[in-house]
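Counting in the numbering used here, the sequence shown runs from -2 upward without gaps.
As structure tokens, the structure follows; a few thoughts come after it.
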Amino acid sequence: MRRLRIGILDLVTKSPNPSLYGRLMNANLASIMPQVIGVWCEQEGHDVHLVCYTGLEDLLQEMPADLDVIFIGAFTQSAQLSYALSNFFRQRGAVTVLGGPHARCYPEDARKYFDYVLGFTDRTVVAELLRDAGPHRPMGRHLASARQPGDLPTLAERWKFVEATLAKAPTIKIVPMIGSLGCPYTCSFCIDSTVDYQPLSFPQLRDDLSFLLTKMKNPIVGWHDPNFGVRFDDYMEAVESATGPGRMRHIAESSLSLLGEPHLKRLQKNGFQAILPGIESWYDLGNKSKTRRTGMDKVKQVADHVNMILRYIPYIQTNFVLGLDGDQGPEPFELTRKFIDLAPGAFPAYSLLSAFGRAAPMNLDYQRAGRVLPFPFHFLNNNHAMNVRPKHYGWPEFYDGLIDVTSYSFSWRAIARRVPATATMIPKWMNVVRAMSSEGWGRIQYHTMIRSLLDTDRSVRAFMEGDTDELPEFYAARIRRELGDLYQYLPEGALMHDPNAYLHASEMEAPSEPVQLEGRLAGTV
Ligand code: SF4
């Protein structure tokens, strides 16, 4: 087989000129799969050039001009950027491949702009793709393995990609690691709820951590597991046997149910510095229970739990989803304000309810009900648009509540109370910078602007009410501005998409099911 020149682009952001927080942290958001694919491509005998796009690179100059194949990994917010890049690289003669969450959520749309669109990807899928490596136009091939890969390359094998990416992080450097895929829980809005929980090799994990200590002093590991610590004892044994106390720090996303006091003591002993549990809502999710729980009871219980966590772990980010069907009236916002008062050390992260294509089965219900709006992908990052019309709120009422709770959470008073409630220096500093940057004040400003447009711009209001599919100039202009020089490469029609593609596909005879490769190779769609 010919030795191919392969580019891999990991898009961790969607536009240039990141905020202060983005400049500090974007390189730490690098995904693991692009690095894994880089290793597999090299093992197949090809040359690889991997770039993590943090918003500071010139994407038109960053890659070698003579690539044969380029893999682009993108979240949905970077979809339009990835479509423009695919067109740009196709014009230079490359075959283009899309992987990552956007490819899994919107394969019907992505196939129009890429030669290959990947679902679950293992080494067999990559090998098959590279054997073919030809253009597939106008509709790309949709390839996937039947399940997530059973094992991944070692940290030593992907180290050169990790090292090059971390060189872009000016201060805090977080090494991406993963010990499990999928989740045993079934939160109906979550992309991992339908993926079987599967731990990776614990001996490999131990070896990876030992290897890391030969490369960095007192490193910080960012665990990419969807839900860290499901096999808690196995994890801790791997960490303890590799590192010993005090030699490594860790950050992980974990559900509150896994964070009881005995676990917290062990996490503290093993250097866990930050933990990100999901609270989601003060009520059960609408389709899980018809009975509303008493919201205030949950607020007090969770606040006590969070305060207890802060006695062991210096930094905690609590994740909320706003606009869920179980929420109505001002109470959910008021309860969140109460939580901020009762747990002043937590940094709250708010996500607007979003239906990302095929990400979750619940999205079919939203699509059937005609509630999914065709906001361009560029705005689908849980904050810049909410693409599901709320069940129990009008838009002005919803945005008033959103602005109120966000302003309360990032007011000078809340910022000042967060400082003494956090024990150590870096977490104190992180909380202040995040609140004053795009994640706090920047969002208040943005949401306030949208609220004002609801009153003053009829095109915005009509679009958000679902009365028209015509994209308001406010959004079109923003994409033009944020894509900059790359906007000229955005293919015709790529600004908009069918928000009900998942429903339409599910009503047909599985026409967009990917070719599944499992031990043997299957034909082309
Ligand atoms: S939200 Fe968290 S706990 Fe629920 S399915 Fe997703 S990863 Fe698992």
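Ideal Cβ placement from N, Cα and C applies to all residues, glycine included.
**Message:** For residue 268 and residue 236, I'd like the C-alpha separation in whole angstroms.
**Reply:** The residue you call residue 268 lines up with position 271 of the sequence shown. The residue you call residue 236 lines up with position 239 of the sequence shown. Each residue's alpha carbon lies about 10 Å from the other.
**Request:** Quick one: residues in its chain with C-beta nearer than 7 Å to the C-beta of residue 327, no 5 flanking neighbours on either side, listed in chain order?
**Result:** Against the sequence shown, residue 327 aligns to sequence position 330. So the list reads 398, once near-sequence residues are dropped.
**Message:** To the nearest angstrom, how far is the alpha carbon of residue 352 from that of residue 332?
**Reply:** Within the sequence shown, the letter at position 355 stands for residue 352. Within the sequence shown, the letter at position 335 stands for residue 332. Near 24 Å, if we compare the C-alpha coordinates of residue 332 and residue 352.
**Request:** Identify, in the order they occur along the chain, each residue of the same chain with its Cβ nearer than 7 Å to the Cβ of residue 168, setting aside the five sequence neighbours on each side.
**Result:** Here residue 168 is taken as the residue at index 171 of the sequence shown, counted from 1. Contacts found: 21.
**Asked** Looking at residue 275 and the ligand SF4, is the gap between the Cβ and the nearest heavy atom below 6 Å?
**Response** The count along the sequence shown starts at 1 and reaches residue 275 at position 278. The answer is yes for residue 275.
**Message:** Does the beta-carbon of residue 194, which I'm using as the reference point, lie nearer than 6 Å to any heavy atom of the ligand SF4?
**Reply:** Taking the sequence shown and counting its residues from 1, one reaches residue 194 at position 197. No.
**Request:** Starting from the C-beta of residue 146, find all residues in its chain whose C-beta is less than 6 Å away, skip the five residues before and the five after it, and write them out in chain order.
**Result:** Position 149 of the sequence shown, counted from the first residue, corresponds to residue 146. Correct list, in chain order: 119.
**Prompt:** Do residue 382 and residue 376 have their C-beta atoms closer together than 7 Å?
**Reply:** Here the question's residue 382 lines up with position 385 in the sequence shown. Here the question's residue 376 lines up with position 379 in the sequence shown. Contact: yes.
**Message:** Helix, strand or coil for residue 310? Go by DSSP, reduced to three states.
**Reply:** Here residue 310 is taken as the residue at index 313 of the sequence shown, counted from 1. Reduced to three states, the DSSP call for residue 310 is coil.
**Asked** Shortest alpha-carbon distance to residue 255 belongs to which of 138, 275, 238 and 446?
**Response** As a working mapping, residue 255 is identified with position 258 in the sequence shown. Closest option to residue 255, Cα to Cα, is 275.
**Prompt:** Since residue 364 and residue 344 are thought to touch, with beta carbons under 8 Å apart, how far apart are those beta carbons, to the nearest angstrom?
**Reply:** Stepping through the sequence shown from its first residue, residue 364 is reached at position 367. Stepping through the sequence shown from its first residue, residue 344 is reached at position 347. With 8 Å as the limit, residue 364 and residue 344 do not qualify as a contact, their Cβ atoms being about 33 Å apart.
**Prompt:** In whole angstroms, what separates the C-alpha of residue 360 from that of residue 31?
**Reply:** Here residue 360 is taken as the residue at index 363 of the sequence shown, counted from 1. Here residue 31 is taken as the residue at index 34 of the sequence shown, counted from 1. Near 27 Å, if we compare the C-alpha coordinates of residue 31 and residue 360.
**Prompt:** In terms of alpha-carbon separation, which member of 467, 131, 405 and 422 lies closest to residue 438?
**Reply:** Walking along the sequence shown from the start, residue 438 turns up at place 441. For residue 438, the nearest C-alpha among the options comes from 405.
**Asked** How should residue 74 be labelled, buried or exposed, when 16 other C-beta atoms within 10 angstroms of its C-beta is the threshold for buried?
**Response** For the purposes of this step, residue 74 is taken as residue 77 along the sequence shown, with counting starting at 1. Answer is buried; the Cβ neighbour count reaches 16.
**Asked** How about residue 347: is its Cβ closer than 6 Å to a heavy atom in the ligand SF4?
**Response** Along the sequence shown, read from residue 1 onward, the residue named residue 347 stands at position 350. No, the beta carbon of residue 347 sits no closer than 6 Å to any heavy atom of the ligand SF4.
**Asked** So residue 405 is in the alpha helix (DSSP H); what residue range does that whole segment cover?
**Response** Here residue 405 refers to the residue found at position 408 of the sequence shown. Segment 392 to 406, the alpha helix (DSSP H) holding residue 405.
**Request:** Determine the direct distance from the alpha carbon of residue 416 to that of residue 126, and round the result to whole angstroms.
**Result:** By one-based count along the sequence shown, residue 126 stands at place 129. By one-based count along the sequence shown, residue 416 stands at place 419. Those two C-alpha atoms are separated by around 51 Å.
**Item:** Simplified DSSP assignment, three categories, for residue 4
**Value:** Looking up residue 4 in the sequence shown gives position 7. The answer is strand: DSSP assigns residue 4 an E or B state.
**Request:** Compute the minimum distance between the beta carbon of residue 184 and the heavy atoms of the ligand SF4, and state whether it is under 6 Å.
**Result:** Against the sequence shown, residue 184 aligns to sequence position 187. Residue 184: yes, Cβ under 6 Å from the ligand SF4.
**Message:** Using only CA atoms, which one of -1, 223 and 46 lies nearest to residue 162?
**Reply:** Within the sequence shown, numbered from 1, the residue matching residue 162 stands at position 165. Checked all of -1, 223 and 46; the closest Cα to residue 162 is 46.
**Item:** C-alpha gap between residue 336 and residue 325, whole angstroms
**Value:** Along the sequence shown, one-based indexing puts residue 336 at 339. Along the sequence shown, one-based indexing puts residue 325 at 328. Using only the alpha carbons, I get a separation of about 18 Å.
**Prompt:** Taking the alpha helix (DSSP H) that residue 460 falls in, what are its first and last residues?
**Reply:** Working through the sequence shown from its first residue, we reach residue 460 at position 463. It spans 455 to 461 - the alpha helix (DSSP H) in which residue 460 sits, taken as one unbroken run.
**Message:** On the criterion of 16 or more Cβ atoms from any shown chain inside 10 Å, does residue 329 qualify as buried, or is it exposed?
**Reply:** For the purposes of this step, residue 329 is identified with residue 332 of the sequence shown, where counting begins at 1. Counting Cβ neighbours within 10 Å, residue 329 comes out buried, since at least 16 surround it.
**Prompt:** Can you tell me the Cα-Cα spacing of residue 208 and residue 70, whole angstroms?
**Reply:** Translated into the one-based positions of the sequence shown, residue 208 becomes position 211. Translated into the one-based positions of the sequence shown, residue 70 becomes position 73. Roughly 26 Å between the two C-alpha positions.
**Collapsed DSSP secondary structure at residue 13 in the structure displayed** = In the sequence shown, residue 13 corresponds to position 16, counting from 1. Three-state DSSP puts residue 13 in coil, outside helix and strand.
**Message:** Once the 5 residues before and after residue 196 are set aside, which same chain residues still bring their CB inside 8 Å of it?
**Reply:** Translated into positions along the sequence shown, residue 196 becomes position 199. 176, 177, 227, 228 and 231, listed in sequence order.
**Asked** Using 8 Å as the threshold, is the region 50 to 60 in touch with the region 12 to 20, meaning 3 or more CB pairs across them?
**Response** yes
**Prompt:** Can you tell me whether DSSP reads residue 465 as helix, strand or coil?
**Reply:** Indexing the sequence shown from 1 puts residue 465 at position 468. In this structure, residue 465 counts as coil in the three-state DSSP scheme.
**Asked** CB of residue 190 to nearest heavy atom of the ligand SF4: below 6 Å?
**Response** Taking the sequence shown and counting its residues from 1, one reaches residue 190 at position 193. Checking the Cβ of residue 190 against the ligand SF4 gives yes.
**Request:** Can you grab the Cα-Cα spacing for the pair residue 14 / residue -2, in whole Å?
**Result:** One-based indexing of the sequence shown puts residue 14 at position 17. One-based indexing of the sequence shown puts residue -2 at position 1. If I take the Cα positions, the gap works out to 41 Å.
**Asked** Got a sec, what are the start and stop residues for the alpha helix (DSSP H) residue 275 sits in?
**Response** By 1-based counting over the sequence shown, the position of residue 275 is 278. No alpha helix (DSSP H) contains residue 275, which is instead part of the beta strand (DSSP E) from 275 to 277.
**Asked** Cβ of residue 223 versus every heavy atom of the ligand SF4: is any distance shorter than 6 Å?
**Response** Here the question's residue 223 lines up with position 226 in the sequence shown. Correct: residue 223 has its Cβ closer than 6 Å to the ligand SF4.
**Prompt:** Applying the criterion that 16 or more other CB atoms from any shown protein chain within 10 Å of the CB defines a buried residue, is residue 288 buried or exposed?
**Reply:** Start at 1 with the first residue of the sequence shown, and residue 288 comes out as number 291. Only weak support is given to the placement of residue 288: the predicted model assigns it a pLDDT of 37, under 50, and the value that follows is read from those uncertain coordinates. With fewer than 16 Cβ atoms within 10 Å of its Cβ, residue 288 is classed as exposed.
**Request:** Check whether the Cβ of residue 252 lies closer than 6 Å to any heavy atom of the ligand SF4, and answer yes or no.
**Result:** In the sequence shown, the residue the question calls residue 252 occupies position 255. Answer for residue 252: yes, Cβ within range of the ligand SF4.
**Message:** Checking the sheet assignment: what are the DSSP bridge partners for residue 46?
**Reply:** Here residue 46 refers to the residue found at position 49 of the sequence shown. In DSSP, residue 46 forms a bridge with 4.
**Item:** Per DSSP, the bridge partner or partners of residue 138
**Value:** Looking up residue 138 in the sequence shown gives position 141. Its beta-bridge partners are 113.
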